[in-house]
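Just so it is clear: in the sequence shown, position 613 is 615 by this note's numbering, and no numbers are missing.
We treat Cβ as the ideally placed atom computed from N, Cα and C, and that holds for glycine.
Quick caveat, the model's predicted, so the values are computed rather than measured.
Written out below as structure tokens is the structure these notes cover.
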Amino acid sequence: MDEAGGGAPRFRDLGAVALERDGVDATPGGAILTRLLARLLVDAGRRVEISELVEAVWGDRAGGRAVSTLESHLHRLRGFLEPGRGRGRPSRWLVAEGGKGYRLVVDPDRVDSVVFTRAAREATERLAAGDAPGAVGQAERARSLWRGRPYAPYTDEPWAEAAAAGLEERGRQLTETLVDGYLAAGRPEAALAELGPVIAEAPLRDRPWEQYLRATGAVGRIEDALAAYRRADRLFRDELGVEPGPGLQEIHRQLLGGGRTAPAAVASVAAVVPATPPEAARRPAPTVVLPPRRGRLVGRDTELAALVDRIPRHATTTLVGGAGCGKTTLAVAAAERLADRFPDGVRFVDLTSALDADQVGTAVTSTLGLAGGSAVEAVRSFVATRRMLLVLDNCEHVLDAVADLVEGLDLPDGATAVLATSREPLEVASEVRVDVVPLAVGQTSAPAVELFLERYAETGSDGRLGADDLVTASAICAAVDGVPLAIELAAARGRAFSLAEIHAQVREDPSALARVGRRGGHRGVRAAVDRSVRLLPAGERDLHAAMSAVPGPMTVATAAALVDAPRVEVQTALAGLVHRSLLVPAPITRPGGPSRFAQLAIVRGHGAHELGDVDAERVAERRDESVTRWIAARPRVGSPALRDFRESLDDDLPAVRATLQRSLVGMPSWRGPALAGALGNYWYYRGMLLEAARWVRLAFGHLALARPVDAAHLHAAAARGRLFAGDLDGAQPHLDALCAAVDELSGTDLLHVGDILVGTLWATIRLPADEVRRRLAGRLGEVAQRSGDPITTLQTRLVALAVSPDPDPALRLAAAEAVHTEAERVDNREIGWMVAILGGHAAEAAEDLDEALRWSRRGIGHHLALGSRQAQPEMEQHAVLCARRGDDAAAVRALAGARAQNERNGMRWPFLAESTTVLEGAARRLGAAVFDRAWRSGGDLTLVDLAAL
């Protein structure tokens, strides 16, 4: 065991960067730690300068605290590398070298790229020495370490590019060595299995074609070899304007001459083409039975290449995906590409109409031309002496029967192969699962849009599509989540409808898309999904239908509320729906956050159809009641628990929005104003003020339904919106209503109003509104007196400081420090960041810029602790302080970030009058080039970045 605890680590750098310990791969967790590990691995065993590590992590965005922040990340990386290292003990694997840099101390035998390079070199040397089996063994050992592009996902970073390119070139050379070894060892079939992907990737290189012709001739397929030469000749002439090289031409002459051995000067291995063709040469061309494929395969080049490489090396490969995702199309394309690598042919079996094990066996034996006896025995006997590809399509409804058949064949890897398509895996021992997901959407050039445009053109719609049309086409593809079947059916409607009409139709119900005037296959999207739903047990079917009430990802808690069932039962049902490709795991919103699940649009449409109007209302009511109860129980503003509450809102935001839509638009009720008002703090801290404004505007349309506390929240939200825009007169009626609410409320409602009085007062802090502030402060004092609440009492001290006319900066600093200390004691971050602003103002008045920046960073820290994603006024204030200290570049970056956030939220710019003066001065002092660079780099500035300025 390693001294640090756990087995000695193995560094996996040929593919996604990871660490293997005790046979288990793990990643450091977080992009920065993974990036650091990748950078250290590029120069494993050598010192990497601190500046190089900073450059690798932050590039030109590194701030003044980058080095100290780097130390923190490296400390965490050490913890990952040596989880059992005792406190104070020196690191064994990650060593600091005199404050200059860090060295990753590694055992070369535990680094994949080093072992790979050694094994590849040994393979080349053994082949040159005539040891073909030894060369193959070493080459296969090296190949087994290759999991993808080196140092992924940072392969193309400047610091990894050269090392990765060298390893990728060694990988290409290794394949050539492996193929030569197979040929020299008398294994031409294995050589052919390697060469297909190589030629597809680099069709203009002579060497792979030479090897391909030798291997094809060696198995007696002389005509195939000659046809391959003709393809290569045509390709070279068309693309390069040259003839094939002399080596390729010499092999061609040998083949034309009856298979004579190539001269030693030309041949890389001896006697590749037999003088007398064996029995295989007299076989008829392999039988390839595949259904016709409509058009070209769009957007699947990467998946197809990987599939073509994988299938010949494994006994069973299963394409798993939801309805309409293109599994059959991809399987047929792969089978077409693989036809010349299976000398005994390719056969396709459609199991759509099979109902049981007997019918599965009959379908397979009929396709193979077999009769009598056990289907498993007959097929096993047939494939035992053959190398063929058997495609089993649409297996999900006869899964057990197909699995029994495949397991009964007992196929070894590298012989006959099975390619299956199903909505869930076969779960046989030899199976390799390949997930088939919808096509990418989002851009007008995305694969999904490319497919739509091809199919739309086939409808004969005249006229070239303009930019607006392309945007609509992209929106259509997004509305069906990039599912190929739905895209094709939507495009086919171009014969009857405009693009705008098609978009409206798929937004309303994408599951209603269906074929018109065509027999065979799925009649439409809903029928395709229905094939999977019919196979579900009752609990999963009920959950599938109920989840359509949420138009986006949801957690287990929300799913359980929709069906009013125990969480443990719902967890099992969710796992089943994911397994059957009726749900997709959605991205987790944060590290350690709960799993989330989403339905594709076509699946959600089917679920809504299954639910029906009556049950849809019942499920929607459950959803709304759950959401309302959850938000009503929210913690108070500034509470430490508020961050967790906001993160839980992030997790289930689609359910919240659905409830808002129904209670403010679909079926207006008291819930709408209640939620719109209660979520104001959330919208602010998440930088979603434009969305908040929409819900508040809708809620004011139903103010008569609102309870007094909810009306107070809404008036506060409207007042803050006016105040942030500098419209004091427009805010006045809402401020009047808010102040009047104090007299109507009691208990928890009164405390919530006290909280929003503070937030509303804070929106006036930069306005000439002394009378408004005094009025709000007075009302807050009444809340504190009536409630006796200690947090509200502390808020009154904060507000008193904000409205205090005391001109002595020292006294104001002392008062601010006292409030801040108490805020930290009671762990109220809201009061903490507010008083930090006042402390900063007092420090500025005292002309102590260092102290002002300390208060600014305090406020930013409180914002981060509250889970805030933005703080435009604080960003501007921080920029002003940076400029006054002489750091113009930092000031420009902060102002650029503040402006970008203000524009996203529809707030005025600049918030502070000084910001314009700062920008003008910085532009003069920095010069145009430096100013522009700083401005561009600050456009995506975050609060974390700001804290480092």
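Residue i versus residue j - alpha carbon distance
| i | j | result |
| --- | --- | --- |
| residue 505 | residue 83 | 52 Å |
| residue 434 | residue 320 | 6 Å |
| residue 755 | residue 881 | 33 Å |
| residue 249 | residue 130 | 19 Å |
| residue 371 | residue 420 | 17 Å |
| residue 352 | residue 397 | 9 Å |
| residue 932 | residue 502 | 46 Å |
| residue 120 | residue 21 | 20 Å |
| residue 661 | residue 674 | 8 Å |
| residue 740 | residue 886 | 39 Å |
| residue 262 | residue 526 | A caution first: residue 262 carries a pLDDT of 36, below 50, which makes its placement in the model too unreliable to give a value. |
| residue 607 | residue 511 | 6 Å |
| residue 851 | residue 883 | 7 Å |
| residue 797 | residue 746 | 21 Å |
| residue 166 | residue 74 | 28 Å |
For residue i, the residue or residues it bridges with in DSSP
| i | result |
| --- | --- |
| residue 424 | 322 |
| residue 350 | 393 |
| residue 435 | 320 |
| residue 526 | 516 |
| residue 99 | 103 |
| residue 154 | 18 |
| residue 290 | 348 |
| residue 556 | 599 |
| residue 419 | 391 |
| residue 108 | Residue 108 is not bridged to any residue. |
| residue 113 | 13 |
Cut-off 8 Å between Cβ atoms - residues of its own chain near residue i, not counting five sequence neighbours on either side
| i | result |
| --- | --- |
| residue 720 | 698, 702, 733, 736 |
| residue 848 | 811, 812, 815 |
| residue 16 | 114, 115, 118, 147, 148, 149, 150, 152, 169 |
| residue 938 | 898 |
| residue 643 | 637 |
| residue 246 | 208, 211, 231, 234, 235, 238, 254 |
| residue 402 | 359 |
CB contact flag (residue i, residue j, <8 Å)
| i | j | result |
| --- | --- | --- |
| residue 116 | residue 107 | no |
| residue 195 | residue 345 | no |
| residue 339 | residue 306 | yes |
| residue 954 | residue 14 | This structure cannot settle anything about residue 954, because the visible part of the chain is limited to 3 through 951. |
| residue 585 | residue 601 | yes |
| residue 213 | residue 193 | yes |
| residue 59 | residue 43 | no |
| residue 614 | residue 546 | no |
| residue 227 | residue 257 | yes |
| residue 672 | residue 707 | yes |
| residue 645 | residue 472 | no |
| residue 834 | residue 846 | no |
| residue 122 | residue 128 | no |
| residue 486 | residue 515 | no |
| residue 763 | residue 778 | yes |
Close beta carbons around residue i, own chain, < 6 Å, minus the five adjacent residues each side
| i | result |
| --- | --- |
| residue 18 | 154 |
| residue 941 | 898, 902 |
| residue 935 | none |
| residue 498 | none |
| residue 299 | 335 |
| residue 647 | 636, 637 |
Heavy atom of the ligand PLP within 7 Å of residue i beta-carbon
| i | result |
| --- | --- |
| residue 322 | As for the ligand PLP, it is missing from this structure, which has no ligand bound. |
Chain-order list of residues whose beta-carbon lies under 7 Å from that of residue i (same chain, five-residue window excluded)
| i | result |
| --- | --- |
| residue 962 | Summary: the structure shown does not reach residue 962, with the chain confined to residues 3 through 951, and so no result is reported for it. |
| residue 715 | 679, 680, 682, 758 |
| residue 304 | none |
| residue 30 | 36, 39, 79, 82 |
is_contact[residue i, chain C] using C-beta, thresh 8 Å
| i | result |
| --- | --- |
| residue 923 | Among the chains of the structure shown, chain C does not appear; only one protein chain is present. |
Any beta strand (DSSP E) of 3 or more consecutive residues that is wholly inside the stretch 626-693: none
Segments of 4+ residues assigned as alpha helix (DSSP H) that fall wholly inside the stretch 700-768: 710-726, 730-743, 749-764
Output the residue ranges of the beta strand (DSSP E) runs that lie fully inside the stretch 7-59 and measure 3 residues or longer, sorted by chain position. 12-14, 20-23, 26-28, 49-51
What ranges does the beta strand (DSSP E) occupy inside the stretch 445-479, keeping only unbroken runs of at least 3 residues that lie completely in it? none
Enumerate, from N- to C-terminal direction, the unbroken alpha helix (DSSP H) stretches of 4 or more residues contained entirely within the stretch 582-607. none
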